[in-house]
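Here the structure is laid out as structure tokens; the discussion comes afterwards.
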Amino acid sequence: MDKSKNISFGEQYGLELPSVVEVEVDGIQMGVLSDGTPYLTMRGLASVCGVVPSVIHALTDDWSQEKSKPRGRKIDQILSEQGYRKDHLYVKTTRNRSSGENAYPDAVCMAILEYYAFEAKPQNQTALYNYRVLARSSLRQFIYNRSGYDPSSLIPDAWKNYRDRIILNDQIPFGYFSIFREIADIVVHLIQNKFQFNSASVPDLSVGKIWGKYWCKNDLDNKYSCRKKHTHKYPETYPQGAATIDAWIYPVESLGEFRQWLYGTYITKHFLNYLSSKEAAGVLPPSSSELILSSVTRPELPKV
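With my numbering applied, the sequence shown closes on residue 637, and no number is skipped along the way.
Pasting the structure below:
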């Protein structure tokens, strides 16, 4: 059993969490909560431990009282060794509100299973067998495998936010381009380096403000054609999502000059200041600015 996996379960649990997957395999009910925590239901835990569900209910329903009794004291000791010190042993899953299943996190399941495998009298062969099977890997991995849950398939919030903004703003009028879509490669490098792409971190605003000044200073309305305001949408989860916000879009004839300016001026003269400010604000990990800057700097072709 990999006890290092269980340390995170000493963190705060809510009393109710949604379940993203719940299955029954070989008569054992199991699932995964929305925060990635694998769990067994009361019936599933009882089956693994070789006892009836009422035994698990009696043990865990009034844990504050039960943990002062001999059985509870031993289980509480095992939990403490795993870093679990909460005053409740299960959360309610909201996947099926009519049933209100109790979801026992894997740390709790292993502690109770360990008790029934080695401490309970008479010896419980079912619990002993299951403990040995699970100790060869971990209950976490067992539930992930049997329920078909793939933690690697989860999309980090930064990527979700970026994807949502791309989808919301994919109808730029023909003949124009937007700053947001044209800096895609920069945003990708930012997120890959753990940039917190969210409502408070909008890199296209930084680029847009400086490019707008360049546009006006060089009278590019007359060189190309006039830039125009166009509605820019934000996800509903953003504070900006409730407002109608317009952003400049630019004639596609100026796209070449924009790209030259982006990599020849913004990246070389302004981007490091932006990155440093985000490091100071905790939006970027420390000492990541130089790495990101080098990753977006364009190489030059060798001169013939």
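The beta carbon of each residue, even a glycine, is placed where N, CA and C say it ideally should be. Owing to the predicted nature of the structure, the values given are computational and were not obtained by experimental measurement.
Under DSSP, the beta-bridge partners assigned to asparagine 435 are Lys425. The residues Thr564, in chain order, have a CB closer than 8 Å to that of threonine 577 in the same chain once the five nearest residues on each side in sequence are set aside.
Close CB contacts of lysine 556 within its chain, under the 8 Å cut and outside five residues either way in sequence, are with Ser587 (chain order). In the structure shown, glycine 589 adopts helical secondary structure according to DSSP, grouped into three states.
The continuous alpha helix (DSSP H) containing threonine 393 extends over residues 386-393. Between leucine 608 and serine 622, the gap from beta carbon to beta carbon is short of 8 Å. Residue pairing by DSSP places histidine 522 opposite no residue, since no beta bridge is assigned to it. Ranking Asn494, Ile361, Gly508 and Glu357 by CA distance to the CA of isoleucine 582 puts Gly508 first. At a Cβ-Cβ threshold of 8 Å, isoleucine 361 and isoleucine 408 do not count as neighbours. When C-beta atoms of the region 387-400 are compared with those of the region 463-476, fewer than three pairs fall below 8 Å, so the two segments do not count as touching. Boundaries of the alpha helix (DSSP H) around isoleucine 476: 472-480. By the CB criterion at 8 Å, aspartate 439 and tyrosine 372 fall inside the cutoff. Within the same chain, Cβ atoms closer than 6 Å to the Cβ of glycine 405 are found at Glu399, the five residues on either side in sequence being excluded.
With respect to the C-alpha of tyrosine 495, the residue from Asn551, Asp483 and Lys527 having the closest C-alpha is Lys527. Going by DSSP, alanine 580 is part of no alpha helix (DSSP H) but of the beta strand (DSSP E) stretching over 578-584.
Going by beta carbons, lysine 542 and asparagine 502 fall outside the 8 Å limit. In the three-state reduction of the DSSP assignment, phenylalanine 510 falls in the strand class, which pools E and B. In this structure, arginine 631 lies near tyrosine 596, with their beta-carbon atoms less than 8 Å apart. Annotation: the continuous beta strand (DSSP E) that includes glycine 364 extends over 361-366.
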